[in-house]
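**Student:** Going by numbering that gives the first Met the number 0, the sequence shown opens with residue 0, and the numbers climb by one from there.
No residue lacks a Cβ here, since even glycine has one placed at the ideal position from N, Cα and C.
Okay, here's the structure, questions in a sec.
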Amino acid sequence: MTTPIPAEGRVDLRLDWGGDAVVGAEVRSRRPQPQRLLLGQPPAHALAVIPRLYSLCGEAQTVAVEALLSLVESGTVDADRSSGWAERIRLENLREHLWRLGLDWPGMAGEAPQPGPLRELLAGRERFAQDREAARAWALQTSTTLFGDAALSWLDDGDPQTFDRWLHDAPTVLALLLRGLQPRLAGLGRSRAPLFRDADLELMVQDVLPRLRDDPEFHWRPDWRGSVFEMGPLARCRERPLVASLLAQRGAADSWIRVVARVLELAQGLRSLVEGAAAAHALAWQRRDDEAVVALEMVRGVLLHWIRVDAGRVGDYRIVAPTEWNFHPRGPMHEGLLQLLGSDEQQLRDAVALQVMALDPCVQYQLEIVHA
0 MTTPIPAEGR VDLRLDWGGD AVVGAEVRSR RPQPQRLLLG QPPAHALAVI
50 PRLYSLCGEA QTVAVEALLS LVESGTVDAD RSSGWAERIR LENLREHLWR
100 LGLDWPGMAG EAPQPGPLRE LLAGRERFAQ DREAARAWAL QTSTTLFGDA
150 ALSWLDDGDP QTFDRWLHDA PTVLALLLRG LQPRLAGLGR SRAPLFRDAD
200 LELMVQDVLP RLRDDPEFHW RPDWRGSVFE MGPLARCRER PLVASLLAQR
250 GAADSWIRVV ARVLELAQGL RSLVEGAAAA HALAWQRRDD EAVVALEMVR
300 GVLLHWIRVD AGRVGDYRIV APTEWNFHPR GPMHEGLLQL LGSDEQQLRD
350 AVALQVMALD PCVQYQLEIV HA
């Protein structure tokens, strides 16, 4: 078992509070970058370093490195390995959704945790990646535990009332959790930031490669064609009937819709295993001369890995994670903070914690409230 390399990373939030409302906000994301550990090393050394440096979402980080090394070594990404990569990321996405909905959100809502499905997945994930029947049996049992025996027609039904009926009638612990969260999250963290589309992944990769090369600060404050996008489950589910209906109904994204999208994605992922469907996976790449970039969808959104190779050694290596988009200085977190109201500082801190959890950064955050 490898030991994670200690790494500091944090999202810093500052609120200027006027006593009854937020009048100004700053968001700054600083995650560790791997250059100092990789400079002058053979590119393959990244496979030993990066999964240990970024233990959270380690499968996605590892897949990104493996795809990037394939691109550096052969000029293309190994298509024969893509199905295996997709399966690993599907299981990791399910793990992360179960972690948030089974442990983190219950902790914030004062509800009992539900670790069983997550524990079973952690114990069986290597077997599930190879044994479709074992994965199917686990997914079927987990789906019943979380969603009940009723047909989940809201997976495909665009009417939010169908989802609401399940939400208020289902006897499961997950439904009980969501019933308690809905009034706390609805309207919180509203943002009109554009939602990134998988279909644009190849175009974005082509455009950002020179940006990564020429702008040493791009990985801290990314944008594409002048826009800062929201990444993650909501962006991926934006065209699903339920989420599209909620967005149209509410007029903007908020923390409740983000949680609904996570629940929807969890249900879809479990159903895909039950039905034996191949894992879907968005992966794009670009190589020019001595540099290459790989982009893939993982649980929190688009993950970018970029490398420059000098005489067979790493000349530079940078990573752009979804956190840098969602917690961009002018991204969805910032927009949501500017709309916070409250005359009690603790209530303000609680609202920020809920908004942060809904956007799900891959590092801890620190909040400073300044009395304006």
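Taking just the CA atoms, how far does Pro-159 sit from Leu-211?
**Tutor:** Walking along the sequence shown from the start, residue 211 turns up at place 212. Walking along the sequence shown from the start, residue 159 turns up at place 160. Leu-211 and Pro-159: Cα-Cα distance of roughly 41 Å.
**Student:** Go through its chain and collect everything with a Cβ distance to Phe-162's Cβ below 7 Å, but skip five positions before and after it.
**Tutor:** The count along the sequence shown starts at 1 and reaches residue 162 at position 163. Cβ within range, chain order: Trp-153, Leu-241.
**Student:** Go through its chain and collect everything with a Cβ distance to Ala-138's Cβ below 6 Å, but skip five positions before and after it.
**Tutor:** Taking the sequence shown and counting its residues from 1, one reaches residue 138 at position 139. The answer, listed in chain order, is Leu-269, Leu-272, Val-273.
**Student:** Going by C-alpha distance, which of Glu-95, Gly-330, Glu-264 is nearest Pro-116?
**Tutor:** On the sequence shown, position 117 is the one that residue 116 refers to. Among Glu-95, Gly-330, Glu-264, the Cα nearest to that of Pro-116 is on Glu-95.
**Student:** Please classify Asp-359: is it buried, with 16 or more other beta-carbons within 10 angstroms of its beta-carbon, or exposed?
**Tutor:** Within the sequence shown, numbered from 1, the residue matching residue 359 stands at position 360. The residue is buried, with at least 16 neighbouring Cβ atoms inside 10 Å.
**Student:** Grab the span of the alpha helix (DSSP H) containing Leu-358 for me, first residue to last.
**Tutor:** Locating residue 358 in the sequence shown gives position 359, where the first residue counts as 1. Here the alpha helix (DSSP H) through Leu-358 covers 344-358.
**Student:** Considering only the alpha carbon of each residue, which of Val-301, Asp-289, Ser-342 lies closest to Val-71?
**Tutor:** For this step, residue 71 is matched to residue 72 along the sequence shown. Taking only the C-alpha atoms, the option nearest Val-71 is Asp-289.
**Student:** Within the chosen definition, does the segment 292-312 reach the segment 321-340 through at least 3 CB pairs nearer than 8 Å?
**Tutor:** yes
**Student:** Below 6 Å CB to CB, which residues in the same chain sit around Arg-447 once its five sequence neighbours on both sides are set aside?
**Tutor:** The first residue shown for the chain is 0 and the last is 371, placing residue 447 beyond what the model contains.
**Student:** Going by CA-CA distance only, name the one from Trp-219, Glu-86, Gly-188 that's closest to Ala-134.
**Tutor:** As a working mapping, residue 134 is identified with position 135 in the sequence shown. Comparing Cα positions, the closest option is Glu-86.
**Student:** Can the beta-carbon of Val-293 be found closer than 8 Å to that of Ala-66?
**Tutor:** Numbered from its first residue, the sequence shown carries residue 293 at position 294. Numbered from its first residue, the sequence shown carries residue 66 at position 67. For Val-293 and Ala-66, yes; Cβs fall inside 8 Å.
**Student:** Quick one: Cα of Asp-206 to Cα of Trp-223, how far?
**Tutor:** Sequence index remark: in the sequence shown, residue 206 carries index 207 (1-based). Sequence index remark: in the sequence shown, residue 223 carries index 224 (1-based). If you take the alpha carbons of Asp-206 and Trp-223, they lie about 8 Å apart.
**Student:** What residues in its chain sit with their C-beta under 8 Å from that of Ser-81, if we drop five residues either side in the sequence?
**Tutor:** Residue mapping note: residue 81 aligns to position 82 of the sequence shown, counting from 1. Excluding residues within five positions, the ones whose Cβ falls inside 8 Å are His-280, Leu-282.
**Student:** Cα separation between Leu-366 and Gly-335?
**Tutor:** Counting from one through the sequence shown, the residue named residue 366 turns up at place 367. Counting from one through the sequence shown, the residue named residue 335 turns up at place 336. One C-alpha to the other measures close to 14 Å.
**Student:** Please classify His-304: is it buried, with 16 or more other beta-carbons within 10 angstroms of its beta-carbon, or exposed?
**Tutor:** If you number the sequence shown from 1, residue 304 lands on position 305. The residue is buried, with at least 16 neighbouring Cβ atoms inside 10 Å.
**Student:** DSSP three-state label for Gln-365, please.
**Tutor:** For the purposes of this step, residue 365 is taken as residue 366 along the sequence shown, with counting starting at 1. The answer is strand: DSSP assigns Gln-365 an E or B state.
**Student:** Have a look at Ala-278, Val-351, Pro-42 and flag the residue whose alpha-carbon is nearest the alpha-carbon of Phe-127.
**Tutor:** In the sequence shown, counting from the first residue as 1, residue 127 sits at position 128. Nearest C-alpha to Phe-127: Ala-278.
**Student:** Near Leu-245, which residues of its chain fall below 7 Å by C-beta distance, leaving aside the five closest residues on each side in sequence?
**Tutor:** Translated into the one-based positions of the sequence shown, residue 245 becomes position 246. Here the set comprises Pro-159, Ile-256, Val-259.
**Student:** Can you give me the Cβ contacts of Glu-110 inside the same chain, cut-off strictly under 6 Å, excluding the 5 residues immediately before and after it?
**Tutor:** Locating residue 110 in the sequence shown gives position 111, where the first residue counts as 1. Answer for Glu-110: Leu-176, listed in chain order.
**Student:** Distance, Cα to Cα, Met-356 vs Pro-232?
**Tutor:** By 1-based counting over the sequence shown, the position of residue 356 is 357. By 1-based counting over the sequence shown, the position of residue 232 is 233. Approximately 13 Å between the Cα atoms of the pair.
**Student:** If you reduce the DSSP assignment to three classes, tell me which class Ser-152 lands in.
**Tutor:** Counted from its first residue, the sequence shown places residue 152 at position 153. Helix, per DSSP.
**Student:** According to DSSP, Glu-229 sits in a beta bridge with which residue or residues?
**Tutor:** One-based indexing of the sequence shown puts residue 229 at position 230. In DSSP, Glu-229 forms a bridge with Leu-194.
**Student:** I'd like the span of the alpha helix (DSSP H) that includes Leu-202, first residue to last.
**Tutor:** Residue 202 sits at position 203 when you count from the first residue of the sequence shown. Here the alpha helix (DSSP H) through Leu-202 covers 200-213.
**Student:** Thinking just about the alpha-carbon of each residue, which of Leu-265, Phe-217, Ile-318, Ala-276 is nearest to the one in Arg-131?
**Tutor:** Stepping through the sequence shown from its first residue, residue 131 is reached at position 132. Closest by alpha carbon: Ala-276.
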